[in-house]
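Protein chains in written order, with our numbering: chain B, 1 to 209; chain A, 210 to 418.
For every residue, glycine included, the Cβ atom is placed at its ideal position computed from N, Cα and C.
Number of protein chains: 2
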Amino acid sequence: MLADDHRMLREGLRRSMTDQGFDIVGEARDGDEAIRLAEELQPEVILMDVTMPEVDGVEATRQIKISYPGIAIVMLTMHADQEVLAAAIRAGASGYLVKDCSTDEIATAIRTVVRGETVLSPQLAASMLEEVRKLEEPSPDEERVITKREEEVLQLIANGCSTPEVAERLFISQKTVKNHLASIYQKLEARDRTQAVLQAVRMGIIHLE
Amino acid sequence: MLADDHRMLREGLRRSMTDQGFDIVGEARDGDEAIRLAEELQPEVILMDVTMPEVDGVEATRQIKISYPGIAIVMLTMHADQEVLAAAIRAGASGYLVKDCSTDEIATAIRTVVRGETVLSPQLAASMLEEVRKLEEPSPDEERVITKREEEVLQLIANGCSTPEVAERLFISQKTVKNHLASIYQKLEARDRTQAVLQAVRMGIIHLE
DNA sequence: CGAGAAATGGGCCGAATGACCTATACGGGC
DNA sequence: GCCCGTATAGGTCATTCGGCCCATTTCTCG
């Protein structure tokens, strides 16, 4: 079964999947219709676009999987987006392909998911890995709140240095360290070094070693 | 090409993959041999066990992919392990299957990876998602080092309380709070509250709100 | 050229902090 | 019954910490 809001894409998919030996039992133009048709037609596999009017593909997937866990759902998307990918698989999707893949690839994916396996486009597998890898730097830093020097001070404090030790390592006086800290407290709305460091970790400014 | 240190498994794979229409051009018994044979035979796909003598499958994958990015490598493993999965895909593996999957599933996986896509066993896709989801609770707490009371103190400190405030909230004296902190410092090898809280966060004892 | 930010530094002060010592009470386990 | 860990609490002390006042230099940007 197909679920996509673009007629041209649906027709293209229908033709190529039919050529590949699949039967298209129905087509939905939005998430609501996908849910209704899935119930009515009980397809083996649904090729579902992520972005659709009314109800998006992820939500439709969630609802269909609740009622009919046996229906395998392959999400199609225009762009490799880790967030959406995670949401889609959490919703129960068995596959996630970017739309520029070949009809052969889609056919292979369908054959894969009906066997209970999961298929990801390579770009998405990569981006998923990125997400796993970066447990740090979650924020691309909309704007640099903390200056370079302040960041150095913060990092040293996080690494276990006291004020005198930071001063020693940076070759500045304790007073300057305190001044930097005071500035940091203001910017991070912290009232002591502990809160400042925690806030900095949350914001991805500094990293736990 | 096959790479596995168990003869029985290699022979089983060779037979079933041959039945599925694939040609097995070579078999390796360890990671070193896999690297040498991959270079010599230039297989389209390698089915590679993760655990092998000499050089493990992940490292062999990395080295083969550096020299021959065109060779697709499907990792086989006994257990669903997120860490290894991440390492494997970072090393360049195109697929990651648990060994209890059917020969049909392996065949489908091979056909999928030669098309440039990525295949994950559903258990692994699930565990990968878990890893993404749980940005907290990374350690299952091998043993409870910190007592319940100490944990309460730590969490309050992490939430921004000073010693007097912790005392107030827990209805104990400041002195007791300090005693708990001193005990915590010993156990976490920290010398101040900042280090204690950071260490506790690293160990998953407390959570950033 | 002047405004403003960043980085450096000083002094003062009260509160918080951490190290060191002690002590009592309540559990459970050997 | 005794030991040990946990939780409670006290005291002393030097150090650190953070708030508040201030200043100088350098640099960039408009």
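Residues Glu54 and Val55 of the same chain have their beta carbon placed closer than 6 Å to that of B:Asp32, with the five preceding and five following residues left out of the count.
Within chain B, no C-beta atom comes nearer than 9 Å to that of A:Ala391; the closest sits roughly 16 Å away. Identification of chain A residues near B:Val197 by a Cβ-Cβ cut-off of 7 Å yields Thr403 and Leu407, ordered along the chain.
Counting the other CB atoms within 10 Å of its CB gives B:Ala182 a total below 16, which places it among the exposed residues.
Following the DSSP letters along the chain, one finds B:Leu47 inside the beta strand (DSSP E) bounded by residues Val45 to Asp49. Relative to the Cα of B:Arg90, the nearest Cα in the group B:Ile64, B:Ala109, B:Cys101 and B:Thr108 belongs to B:Ile64. Listed by position along chain B, the residues whose Cβ is nearer than 8 Å to that of A:Ile366 are Thr194. For the stretch 313 to 329 of chain A, residues whose beta-carbon sits nearer than 8 Å to a beta-carbon of chain B comprise Asp313, Glu314, Thr317, Ala318, Arg320, Thr321, Arg324, Gly325, Glu326, Thr327, Val328 and Leu329. Counting C-beta atoms within 10 angstroms of its own C-beta, A:Pro373 has fewer than 16 neighbours from the protein chains shown and is therefore classed as exposed.
Excluding its 5 nearest sequence neighbours in each direction, A:Asp258 has C-beta neighbours in its own chain below 7 Å: Ala212, Asp213, Asp214, Gly266 and Leu285, listed in chain order. Chain B has a Cβ within less than 8 Å of the Cβ of A:Arg411. The beta carbons of A:Ile315 and A:Ile355 sit no closer together than 8 Å.
Interface flag for A:Gly266 against chain B is unset, since no Cβ pair is found closer than 8 Å. In this structure A:Glu418 is exposed. Its beta-carbon is surrounded by fewer than 16 other beta-carbon atoms within 10 angstroms. Nothing from the stretch 213 to 230 of chain A brings a Cβ to less than 7 Å from some Cβ of chain B. Against chain B, the beta carbon of A:Gly369 has neighbours under 9 Å at Ala190, Arg191, Asp192, Thr194, Gln195 and Leu198, listed in chain order. Taking C-beta atoms as the reference points, A:Ser330 and B:Glu39 fail to come closer than 8 Å. When DSSP states are grouped into helix, strand and coil, A:Met284 belongs to the strand group. Proximity to B:Ala196 across B:Phe171, B:Leu170, B:Glu151 and B:Ala167 peaks at B:Glu151, based on C-alpha coordinates. Linking A:Gly369 to A:Leu379 through their CA atoms gives a straight-line distance of about 14 Å.
Under the DSSP assignment, B:Leu208 falls outside any alpha helix (DSSP H); it carries neither an H nor an E label.
Taken atom to atom, the span from the alpha-carbon of B:Gln20 to that of A:Leu256 is near 27 Å.
Here B:Gly70 carries a coil assignment [DSSP, helix/strand/coil].
At a cut-off of 8 Å, the C-beta of A:Leu256 has no neighbouring C-beta in chain B. Spanning the alpha carbons of B:Met17 and B:Asp104 requires a straight line of approximately 9 Å. About 15 Å separates the CB atoms of A:Leu306 and A:Val323; that is not less than 8 Å, and the two are not in contact.
For B:Leu154, no Cβ of chain A is located within less than 8 Å of the residue's own Cβ.
Around the C-beta of B:Ser94, 16 or more other C-beta atoms lie within 10 Å, and the residue is accordingly described as buried. Here A:Ala269 is near A:Ala243, since their CB atoms are less than 8 Å apart. Counting along the chain, B:Gly95 sits inside the beta strand (DSSP E) bounded by residues Gly95 to Val98. Listed in chain order, the non-local C-beta contacts of A:Lys396 below 7 Å within the same chain comprise Val354 and Ile355, local neighbours out to five positions each way being set aside. With a beta-carbon spacing of about 15 Å, A:Asp290 and A:Met261 fall beyond the 8 Å limit used to define contacts. Within the same chain, Cβ atoms closer than 8 Å to the Cβ of B:Leu154 are found at Ile146, Ile184, Ala196, Val197, Ala200, Ile205 and Ile206, the five residues on either side in sequence being excluded.
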